[in-house]
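K.L.:
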Amino acid sequence: MKRYQLGEFEEIVLLTVGILHGNAYGVTIRREIESRLKRNVSVGAMQTALRRMEQKGYLASEKGESTDIRGGRPKLYFTITDLGKKAIAYTRETRNELWNAIPAAILKASNA
Amino acid sequence: MPNTNPPSLPLRLLRWFCKPHYYPDIVGDLLEDYHSRMEEGNYHLARWNLYRDVLMLFRPSMIKSFKGNQKLNSYDMFKHNLMVSWRNQLRNGGYASLNIIGLTIGLMVSLLIGLWVHDEVSYNSYHTNKEHIARLQQVRLVGDGKEVWWSTMIGTADAVREKYGADFDKIGMASFFRSRIISHEDKKFSERGIYMQQEVFEMFTIKITSGSRASISQPQSILISESMARKFFGDENPLNKTITISGEHPAQVSGVFADFPRNDYLGEITWIGSWEFFLNVNPWMTQLSNPWGYSGFQTFVQRHKNGDFDVLEEKIKNILIENVRHDKHALVKKPTPLFHPMTDWHLRSNFDNGVKTGGRILYVRMFATIGIFVLILACINFINLTTAYAERRTKEVGIRKSLGSLRPQLVKQFLIESLLVVSLASTLALGCAQLALPQFNEIADKQISIPWSLVQFWTTVIATNVFIGLLAGFYPAIVLSAKKPAFAIKSSSGIKYNSLPRKVLVVVQFVVSITLVIGTVLIYQQIQYAQSRPLGYEQENLLMLERRTGDMSLDILENELGSRGNIESMARSDSPVTGVWNNAGGFDWPGKDPDLGVSIANYSVSHDFGKTINWNIKSGRDFSRDFPTDTAAFIANEEAVKLMGFSDPIGTVIHWNGSPMQIIGVVENMLVESPYHTPRPHLYYLRPGRGSIYLLKLMAGADIPQVLNDIEKVAKQHYPDVVYTATMVTDSYGQKFSGERRVGKLTSVFAFLAIVISCLGLLGLASFMAERRTKEIGIRKVLGASVTTLWTLLCRDYVLLAGISGIVAAPLAYYFISTWLQNFEYRIQVSGWLFISALCGAIIISLLTVSYQAIKAALANPTDSLRNE
């Protein structure tokens, strides 16, 4: 099986793009992550992750409509490619394998 | 209501650094965020977030590359031009290599000459006061002319100091250079040095590395150079060590000075002795009854910073005459002082009739001219080949033009190409020069090295590169870029160039080469001529010993060596047969013009001198042991007889400083001094026990190493302290030609390279022309032209050009060479045959160069050339 490299933040961004299905562009992705995960997202980090995954072929982008509020600039919509889907599935599977490998007792032990 | 517009600063910043194709949507996102925050009423938060977000975007993945994303057109064009140029060189490999080789040779020659000229011109620049130092020399009447002596009378410095001391910074005396045997314990070397007064020591730049400067004024003290210190003392401290000069005078090392550069007046000096020491060694100097009767020392002066030697010379012009007025013999010479500035010592040291006439500067100018011309030759080659081969590129130019290239852009392209070729060539030239340097140094007798680490050197090299690149590339660039695109594309050979400029350039090339060849041949002829000049004595198998210390008796040597059978005869004299060491005045003869000041070379010789060197007695007789009165007799040479105006000299009595001497014989003039000078009057007198020169006539076929061995044994046995050197007179005589031979060798090398460059150019042109006319030749052949006809057709032009060049070169060469020959009193007559043979040579060489291509083209099968269309 092919290996897919996906960082933690990249994984979050990739999943969010999936969640927003069809409405994923800079502003919405950032808000979605901030509201769901209650963490601050810097535009720089997010854009870097988006562009890198686009280069890797996990994401595809498409220019959308432009509005006055955006100063006439178009939105750039992201969608997950097939490769992206495989990557995210691979990540999930490897996590699951690891979870399954942990003896149940260890996870229960601490009550503190 | 606060301003709701987003702040412009962060957006401008983002635009500046962000990758352009990321910018639009990112800035859109930022603005959308900003506005939605504004709607929520968080005015400050919105602004703050915008700043923060922009700063957070400043990361490597977002920043545009330094090359510029909207890449500058000129950068790309430059890269493109360079690549096209490079590919062009590779595609036309043969032509490109001719071009580069020609330029490389040209650049190498001019680089070597440049280094040589720099070395010559920077003579004495080691001395910081060089502008202000001069040697005080004397101009003396001799016959009806004037001669300049480097040496001055011993009283000169004091007299000038006393009367005009305020006009100079420093005045002082020094000896001439002296080679002395210096010994320390078991080490014994011959070293050159000088004795100088403290003021002279202070004038020159002498860098003391250990010891004291002031010690130069102490008796017994000597300063030595670093290299001499190493030679004698190794790593030991040389200070306060005692060394012995000439085997008898102990001196104490009181200081060590840094070695002088080789191109310096003091360049060969390894020791400097104090003047007081000099006086101790030569006590007679302080006991002279008349300090104005003997000239044998140098006088140096240093003027004030704003002084002027011409003015000073005028001011002190009577100083010598005033002081010699009581001395009849000296007064007759009417000595006047002359300042010879340090900056002229090396390059302008020839005087003719008391006037400075130049000297080595002639060679410097000559070689600089050659260097420049060879460089011009190489440039001409480059221009010729580039324009000729440019026809192949007319299509390229046409297409470029139709695609919108402007003329300046095309010019730029060709200039970049020529700069590329020039820098390739100069890199090669630097490498070749480095490889050729040892050879060059040997021929030129220099120790030049390429100053790799010198900034000025690189600036010069780069500036020359750019200059040549632009100069050589300019004409092709203009010609090529001027083409009309329609014509250029339609046919590659549709337009005729004006070939006149190219022909003119070929003529210039050949003129320069032929001039150089004629010059070289004439230099060799002159040397040959002087070498074959009658000597007046026999040089073969003549061994000369020069005694440097102590004394050796000729009789003892004769007794010891004579019996061993290798030696025919032996003699002794006070000057070698290859130079005059003694000139004297004070001669009076019947009928002498009382105003005539003469200086006659004189030799003290032993009885067998004439027999040993086998001179030609013209009349009278040789010195003989049968006549005890011969100690008061002269043998004169023909020139001396001519000077004195005797018709029958034998028996005439001459007074020398009052004592009567009778002329007993006349000998043929002997060639003793420069082989290029007319003979001078000589007088020989008998002093069997005097002189440091021993002449040994060896038997024909004598074993020379054996003889030297015998001499050494005898000397060791009888005179263990004596130091002597032994040379064959033929070798010592050969030295006289070394300067001219050096010049001859250098010019011949340069002339050869110039011809190579010219031929390379011709070869390139010819092969190109032959190629261009392949079809024409094919058709002519089909129609029945013979190989000879075709050969003539192809060669005619070049032979004509070579002929024209020969005709132009002849008067030029004649002019240069006759200027050079002016330096020699004894010189060849330039013959017309030389010019004719040079002309023929040029024609033959050009014919040979062109013929290969012409015959190849003429022999080619016409079907091959006509088949392809």
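Going down the list, the protein sequences come from chains B and E. Going by the working numbering, the first residue of the first sequence is number 487, and it counts up by one from there. Going by the working numbering, the first residue of the second sequence is number 4, and it counts up by one from there. All C-beta atoms in this analysis are idealised placements derived from N, C-alpha and C, irrespective of residue type, glycine included.
Tell me, please, whether the stretch 302-320 of chain E touches the stretch 576-591 of chain E by the rule of three or more beta-carbon pairs shorter than 8 angstroms.
P.N.:
With a cut-off of 8 angstroms, the stretch 576-591 of chain E and the stretch 302-320 of chain E do not count as touching, because too few Cβ pairs lie within range.
K.L.:
DSSP state of residue 588 (chain B), grouped into three classes?
P.N.:
The answer is coil: DSSP assigns residue 588 (chain B) none of H, G, I, E or B.
K.L.:
Indicate the three-state DSSP secondary structure (helix, strand or coil) for residue 185 (chain E) in the structure shown.
P.N.:
Residue 185 (chain E): strand per DSSP, three-state reduction.
K.L.:
Beta-carbon of residue 54 (chain E) versus every beta-carbon of chain B: anything under 8 angstroms?
P.N.:
Answer no: the Cβ-Cβ gap between residue 54 (chain E) and chain B never drops below 8 angstroms.
K.L.:
Determine the DSSP secondary structure at residue 498 (chain E), reduced to helix, strand or coil.
P.N.:
Caution is warranted here: a pLDDT of 45 is assigned to residue 498 (chain E), below 50, making its placement in the model unreliable, and the coordinate value is therefore given only provisionally. Coil.
K.L.:
Between the stretch 78-87 of chain E and the stretch 708-717 of chain E, are three or more C-beta pairs nearer than 8 angstroms?
P.N.:
No, the stretch 78-87 of chain E is not in contact with the stretch 708-717 of chain E.
K.L.:
Within the chosen definition, does the stretch 547-566 of chain E reach the stretch 756-773 of chain E through at least 3 CB pairs nearer than 8 angstroms?
P.N.:
Taking 8 angstroms as the limit for Cβ pairs, the verdict is that the stretch 756-773 of chain E does not touch the stretch 547-566 of chain E.
K.L.:
Whole-angstrom Cβ separation of residue 339 (chain E) and residue 142 (chain E), contact assumed at under 8 angstroms?
P.N.:
At roughly 5 angstroms, the Cβ-Cβ gap stays under 8 angstroms, so residue 339 (chain E) and residue 142 (chain E) are in contact.
K.L.:
Using the Cα positions of residue 486 (chain E) and residue 400 (chain E), report the straight-line distance between them to the nearest angstrom.
P.N.:
So the alpha carbons of these two residues sit roughly 8 angstroms apart.
K.L.:
Please confirm whether residue 156 (chain E) and residue 295 (chain E) have their CB atoms less than 8 angstroms apart.
P.N.:
Cβ atoms of residue 156 (chain E) and residue 295 (chain E): closer than 8 angstroms.
K.L.:
Distance, Cα to Cα, residue 72 (chain E) vs residue 27 (chain E)?
P.N.:
Annotation note: pLDDT 49 at residue 72 (chain E) (below 50); position unreliable, coordinate value reported separately. One C-alpha to the other measures close to 15 angstroms.
K.L.:
Go through the stretch 783-807 of chain E residue by residue and report every complete run of the beta strand (DSSP E) that reaches 3 residues or more, in order.
P.N.:
You should have found no qualifying run.
K.L.:
May I ask you to report which of helix, strand or coil DSSP gives residue 682 (chain E)?
P.N.:
Of the three classes helix, strand and coil, the one that applies to residue 682 (chain E) here is coil, per DSSP.
K.L.:
Please return the same chain residues whose Cβ sits closer than 7 angstroms to the Cβ of residue 386 (chain E), not counting the five positions on each side in sequence.
P.N.:
Same-chain partners within the cutoff: 475, 478, 479 and 508.
K.L.:
Taking residue 432 (chain E) as part of the alpha helix (DSSP H), name the residues at either end of that continuous run.
P.N.:
410-447 is the span of the alpha helix (DSSP H), which, as asked, contains residue 432 (chain E).
K.L.:
For the beta strand (DSSP E) that contains residue 119 (chain E), what are its first and last residues?
P.N.:
No beta strand (DSSP E) contains residue 119 (chain E), which is instead part of the alpha helix (DSSP H) from 96-124.
K.L.:
Residue 598 (chain E): buried (16+ other C-beta within 10 angstroms of its C-beta) or exposed?
P.N.:
Result: exposed.
K.L.:
Out of E:796, E:778, E:800 and E:264, point me to the one whose CA is closest to residue 866 (chain E)'s CA.
P.N.:
Looking at the Cα atoms, E:778 is the closest of the given residues.
K.L.:
Quick check: residue 873 (chain E) and residue 194 (chain E), are their CB atoms within less than 8 angstroms of each other?
P.N.:
Lying outside 4 to 872, the shown extent of chain E, residue 873 (chain E) is not represented and no answer is given.
K.L.:
Ends of the alpha helix (DSSP H) at residue 741 (chain E)?
P.N.:
Per DSSP, residue 741 (chain E) belongs to the alpha helix (DSSP H) from 741-775.
K.L.:
Taking DSSP as the reference, what is the three-state secondary structure of residue 221 (chain E)?
P.N.:
Three-state DSSP puts residue 221 (chain E) in coil, outside helix and strand.
K.L.:
Taking only the alpha-carbon atoms, compute the straight-line gap between residue 45 (chain E) and residue 536 (chain B) and give it to the nearest angstrom.
P.N.:
Going by the C-alpha atoms only, they are around 28 angstroms apart.
K.L.:
Going by C-alpha distance, which of E:381, E:510, E:641 and E:51 is nearest residue 109 (chain E)?
P.N.:
Ranking the options by Cα distance to residue 109 (chain E), first place goes to E:381.
K.L.:
Below 8 angstroms between beta carbons: does that hold for residue 689 (chain E) and residue 590 (chain E)?
P.N.:
Not in contact: residue 689 (chain E) and residue 590 (chain E) (Cβ atoms no closer than 8 angstroms).
K.L.:
So within the stretch 270-345 of chain E, which uninterrupted alpha helix (DSSP H) runs reach at least 4 residues, ignoring any that extend past its ends?
P.N.:
Fully enclosed alpha helix (DSSP H) runs of 4 or longer: 278-284, 312-318, 322-327 and 331-334.
K.L.:
Listed in chain order, which residues of the stretch 417-441 of chain E have Cβ atoms closer than 7 angstroms to some Cβ of chain B?
P.N.:
So the list is empty, because no residue satisfies the distance condition.
K.L.:
With burial defined as no fewer than 16 other Cβ atoms inside 10 Å of the residue's Cβ, what is the status of residue 591 (chain B): buried or exposed?
P.N.:
It counts as exposed.
K.L.:
What residue range does the alpha helix (DSSP H) around residue 708 (chain E) cover?
P.N.:
Per DSSP, residue 708 (chain E) belongs to the alpha helix (DSSP H) from 707-721.
K.L.:
Assuming contact is defined by CB atoms lying nearer than 8 angstroms, are residue 232 (chain E) and residue 203 (chain E) in contact in what I supplied?
P.N.:
For residue 232 (chain E) and residue 203 (chain E), no; Cβs fall outside 8 angstroms.
K.L.:
Looking at chain B, is there any beta carbon in it that lies within less than 8 angstroms of the beta carbon of residue 34 (chain E)?
P.N.:
Yes, its Cβ sits closer than 8 angstroms to a Cβ of chain B.
K.L.:
Does the separation of the CB atoms of residue 363 (chain E) and residue 123 (chain E) fall below 8 angstroms?
P.N.:
Their beta carbons are under 8 angstroms apart, which means residue 363 (chain E) touches residue 123 (chain E) by this criterion.
K.L.:
Below 7 angstroms on C-beta distance, what does residue 38 (chain E) contact in chain B?
P.N.:
Those are 555, listed as they occur along chain B.
K.L.:
Answer with yes or no whether the minimum CB distance from residue 534 (chain B) to chain E is below 8 angstroms.
P.N.:
It does: the Cβ of residue 534 (chain B) has a partner Cβ on chain E nearer than 8 angstroms.
K.L.:
When you compare only the Cα positions, how much space is there between residue 636 (chain E) and residue 668 (chain E)?
P.N.:
If I take the Cα positions, the gap works out to 9 angstroms.
K.L.:
According to DSSP, residue 475 (chain E) sits in a beta bridge with which residue or residues?
P.N.:
According to DSSP, residue 475 (chain E) bridges with nothing at all.
K.L.:
Would you kindly work out how many angstroms separate the C-alpha atoms of residue 572 (chain E) and residue 812 (chain E), rounded to a whole number?
P.N.:
Computed Cα separation, rounded: 54 angstroms.
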